[in-house]
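A short write-up of the structure that comes next.
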């Protein structure tokens, strides 16, 4: 068994130090108490880092395609 260091980003484990595992590898994640406490405190101070905005096109703002002018 081998140990890799990583960090959770958006719910996904991202391995550090350039480590790569083949797709589909089954892993076991073990979190130390000190690391979990540090991550919990850090995320409480950091708050939400990313804001996602979804824009819906308005009916009046849709461009219509014009046929090319004859030459």
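In the numbering used here, the protein residues as written are 51 to 121.
C-beta: ideal position from N, C-alpha, C; glycine also.
Report, in whole angstroms, the separation of the C-beta atoms of residue i and residue j, which I expect to be a contact under 8 Å.
i, j, result
"residue 56", "residue 66", "6 Å"
"residue 81", "residue 63", "Not quite, the Cβ-Cβ distance comes to about 11 Å (not below 8 Å), so this is no contact."
State the Cα-Cα distance for the pair residue i and residue j, rounded to the nearest angstrom.
i, j, result
"residue 86", "residue 93", "11 Å"
"residue 96", "residue 118", "53 Å"
Start and end of the beta strand (DSSP E) containing residue i?
i, result
"residue 59", "56-59"
"residue 87", "Segment 83-96 is the alpha helix (DSSP H) holding residue 87; no beta strand (DSSP E) there."
"residue 76", "Segment: none, residue 76 is in no beta strand (DSSP E) and carries neither H nor E."
Kindly indicate which three-state DSSP category residue i falls into: helix, strand or coil?
i, result
"residue 65", "strand"
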